[in-house]
Amino acid sequence: MTELVMANRILAREDVIDDFGHISVRNPLNPDTYFLSRSRSPAVVTRADIMEFTLDGEPIGSDTRRPYAERHIHGAIYKDRPDVNAVTHHHARSVLPFTMVDVSLRPMFHMASVIGKDIKTWDSQDEFGDTNMLVDSMAMGHSLSRTLGDNRVALLRGHGCICAAADVRSVIMVSIALRDNAALIQETRQLGDVTYLTDGEIDMAGRMLLSEMPLARAWDYWVGRAGFHGL
666 MTELVMANRI LAREDVIDDF GHISVRNPLN PDTYFLSRSR SPAVVTRADI MEFTLDGEPI
726 GSDTRRPYAE RHIHGAIYKD RPDVNAVTHH HARSVLPFTM VDVSLRPMFH MASVIGKDIK
786 TWDSQDEFGD TNMLVDSMAM GHSLSRTLGD NRVALLRGHG CICAAADVRS VIMVSIALRD
846 NAALIQETRQ LGDVTYLTDG EIDMAGRMLL SEMPLARAWD YWVGRAGFHG L
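Read in order, the letters of the sequence shown correspond to residues 666 to 896 in the working numbering.
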């Protein structure tokens, strides 16, 4: 639970998750449940805020606190992707324009290789028409999960994105890299055409960056910036 709390604070500190984003982790002792904070700003999440849910989004036990309406994003992905153990949903502002235009968010620098080479956009209009733009049902969660497929990132039209990975540290790296890649593409396009990484570069650099040593080094950096160094 401590790592999940720290992950909430880290993503808030790094301007990835705002007051309405969230991060979850699959229960390592029971893959049919996951942990997610009650509905509150990630910047102030504590251990006491963490709730446990079934993959259908039902709270475990008699916990009556208000959960995130979009918890179904997490449960649907965990149901559909046994390889995924951590999920973020966020609205990083540099990413949002790419949900509305036909401009590739493919990695353009090596640190962004972790986001993968195939990034699709989910449009809730296709199956659900006009909505409140929240993914607040399992049907919508599974629809979004189908767009994600076997990838690490999917965009939500006019809303934000989801990131999925094997563990908390990896999903943080993916989420931060997505934010940075989006910002750099926008800056680069003011100078000229973007040269994206090749498939091979994305695969090889992504595997390297998501290995033990780079993740440990990055985690130390994020922990320090979030004010947890030395704890």
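Don't be surprised by glycine CBs; every beta carbon is placed ideally from N, CA and C.
Close Cβ partners of residue i (< 7 angstroms) along its chain, the five nearest in sequence each way excluded
| i | result |
| --- | --- |
| residue 788 | 822 |
| residue 734 | 799, 801 |
| residue 837 | 672, 675, 676, 887 |
| residue 848 | 759 |
Residues bridged to residue i (per DSSP)
| i | result |
| --- | --- |
| residue 821 | 787, 825 |
| residue 699 | 691, 718 |
| residue 752 | 689, 829 |
| residue 732 | 703 |
| residue 724 | 718 |
Alpha helix (DSSP H) segment containing residue i, residue limits
| i | result |
| --- | --- |
| residue 833 | 833–854 |
| residue 867 | 864–874 |
| residue 885 | 877–890 |
| residue 668 | 667–678 |
| residue 807 | 803–813 |
Cut-off 6 angstroms between Cβ atoms - residues of its own chain near residue i, not counting five sequence neighbours on either side
| i | result |
| --- | --- |
| residue 777 | 842, 846 |
| residue 775 | 870 |
| residue 796 | 789 |
| residue 808 | 792 |
| residue 761 | none |
Supposed close pair residue i, residue j - CB separation, criterion 8 angstroms
| i | j | result |
| --- | --- | --- |
| residue 835 | residue 875 | 5 angstroms |
| residue 689 | residue 752 | 5 angstroms |
| residue 754 | residue 825 | 7 angstroms |
| residue 741 | residue 803 | 6 angstroms |
| residue 685 | residue 737 | Incorrect: roughly 15 angstroms between the Cβ atoms, too far for contact. |
Residue of the options minimising C-alpha distance to residue i
| i | options | result |
| --- | --- | --- |
| residue 883 | 679, 666, 751 | 679 |
| residue 794 | 784, 805, 785 | 805 |
| residue 670 | 683, 710, 691 | 710 |
| residue 766 | 856, 851, 889, 701 | 851 |
| residue 858 | 891, 872, 844, 769 | 769 |
| residue 861 | 773, 683, 682, 844 | 773 |
8 angstroms Cβ shell around residue i - same chain, five flanking residues per side excluded
| i | result |
| --- | --- |
| residue 817 | 779, 780, 781, 828, 829, 830, 839 |
| residue 864 | 782 |
| residue 716 | 700, 701, 702, 703, 724, 725, 728, 730, 732 |
| residue 719 | 697, 698, 725, 740 |
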